[in-house]
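For the sequence shown, this note's numbering begins at 94 and goes up steadily by one.
Backbone N, C-alpha and C define an ideal beta-carbon position, used for all residues, glycine too.
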Amino acid sequence: MPSTNVEFVTELMEHSAHGALIQAFVLQALTQYAQRVAATDPEALDTGMVSGRAWHGCALEVQRKLKQRFDA
């Protein structure tokens with residue numbers, strides 16, 4: 094049975110061949126992608142499956158939570 098997304102990310106973060114460095118990599122990737130999506134007009138993000146406003150909202154949420162975590 095395939096793993097869930099949560100299980101996959103947990104496995105990646107806890108059992109990388111690169112040790113804890115993978116955690117910095119994943120957080121940096123989240124930061125960069127969230128910045129790119131947040132800078133995009135939500136309507137331009139619309140797809141047949143996902144609302145651009147919702148996708149944009151996810152980016153803003155990730156930015157806010159990363160800021161809270163690292164600026165605290």
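Residues near ALA152 by beta carbon distance below 6 Å, same chain, minus five either side: ALA127, VAL130, ALA131
Whole-number beta carbon distance between GLY145 and GLU136, since they are thought to touch under 8 Å: 5 Å
LEU159 and LEU123 closer than 8 Å at C-beta: yes
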